[in-house]
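Notes follow the structure.
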Amino acid sequence: MALLNSTLTNYLEKLAGKSPAPGGGSASALAAAMGASLIEMSASYSLKRSGKEMKKAVTAIKKIRKQLEKQIDADGIAYANYRKKRTVAALKKAADVPVRVCELSAEAIAIGVFVAKKGNANLKSDTVAGLCYLFAALTGAALPAMENLKGLKEKSRAREAGKRLMALRKKSAALIDSVR
Numbered sequence: 035m036a037l038l039n040s041t042l043t044n045y046l047e048k049l050a051g052k053s054p055a056p057g058g059g060s061a062s063a064l065a066a067a068m069g070a071s072l073i074e075m076s077a078s079y080s081l082k083r084s085g086k087e088m089k090k091a092v093t094a095i096k097k098i099r100k101q102l103e104k105q106i107d108a109d110g111i112a113y114a115n116y117r118k119k120r121t122v123a124a125l126k127k128a129a130d131v132p133v134r135v136c137e138l139s140a141e142a143i144a145i146g147v148f149v150a151k152k153g154n155a156n157l158k159s160d161t162v163a164g165l166c167y168l169f170a171a172l173t174g175a176a177l178p179a180m181e182n183l184k185g186l187k188e189k190s191r192a193r194e195a196g197k198r199l200m201a202l203r204k205k206s207a208a209l210i211d212s213v214r
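Take 35 as the starting number for the sequence shown in the working numbering and just add one per residue.
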């Protein structure tokens with residue numbers, strides 16, 4: 035699909051098109067990558083003030099951002115593979131990608147809260163905007179993940195994943211609320 039390296043306009047045209055992919059999972063990964071990018075920017079500007087902890091935050095958020103970038107394309111590829119093969123393994127993979135977006139978003143939110151509290155106060159609005167993108171991504175990616183998991187015969191796996199995703203969402207919301 036190579037969405038990551040396309041122009042933003044091209045990506046949005048494909049997203050608006052009459053194809054199921056890219057869809058909500060890919061869009062959520064993009065939103066999360068944008069949120070992580072804003073937090074990375076804020077953390078980078080805060081390095082002189084906050085020392086080693088902020089340097090660790092920059093390294094961690096950059097790693098997460100790179101992983102999120104990969105999920106932009108991985109979601110559509112996994113979904114297309116499922117539509118082609120219609121196997122349980124392909125359905126699990128189609129669910130795994132948005133679940134990973136949720137997990138990465140939650141990790142990035144924890145880092146972003148640290149940056150919002152300890153970083154450059156002049157960039158707090160950028161950091162909080164990044165947190166909002168990440169929370170929207172976590173919520174948005176949970177939806178296709180749950181939809182894909184519904185198709186599995188292993189209902190316990192779907193229930194457990196659903197509980198885990200809702201717990202991530204609840205914990206992330208509480209972290210973000212601590213910044214406002």
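Ideal Cβ positions, reconstructed from N, Cα and C, are used throughout, including at glycine.
Requested in this report: Can you say whether E141 is buried or exposed, counting buried as having 16 or more other CB atoms within 10 angstroms of its CB?
Outcome: Within the sequence shown, numbered from 1, the residue matching residue 141 stands at position 107. Buried, by the Cβ-count rule.
Report task. Answer with buried or exposed for N44, where buried requires no fewer than 16 other C-beta atoms within 10 angstroms of its C-beta. Result -> Locating residue 44 in the sequence shown gives position 10, counting from the first residue. Under this definition N44 is an exposed residue.
Query raised in the report: When DSSP labels each residue in this structure, what does P252 get in the three-state scheme?
Result: The first residue shown for the chain is 35 and the last is 214, placing residue 252 beyond what the model contains.
Query raised in the report: Is the number of C-beta pairs between the segment 165-179 and the segment 52-67 that are closer than 8 Å three or more?
Result: yes
Query - A171 (DSSP reduced to helix, strand or coil) - result: Counting from one through the sequence shown, the residue named residue 171 turns up at place 137. In this structure, A171 counts as helix in the three-state DSSP scheme.
Report task. List the endpoints of the continuous alpha helix (DSSP H) containing V131. Result -> Within the sequence shown, the letter at position 97 stands for residue 131. Unbroken alpha helix (DSSP H) run through V131: 122-152.
Report task. Quick one: measure Cβ to Cβ for A108 and Y116, integer angstroms, because I've assumed they're closer than 8 Å. Result -> Along the sequence shown, read from residue 1 onward, the residue named residue 108 stands at position 74. Along the sequence shown, read from residue 1 onward, the residue named residue 116 stands at position 82. So it is not a contact: roughly 12 Å between Cβ atoms.
Query raised in the report: Distance, Cα to Cα, I106 vs S159?
Result: Along the sequence shown, one-based indexing puts residue 106 at 72. Along the sequence shown, one-based indexing puts residue 159 at 125. Rounded to the nearest angstrom, the two C-alpha atoms are 25 Å apart.
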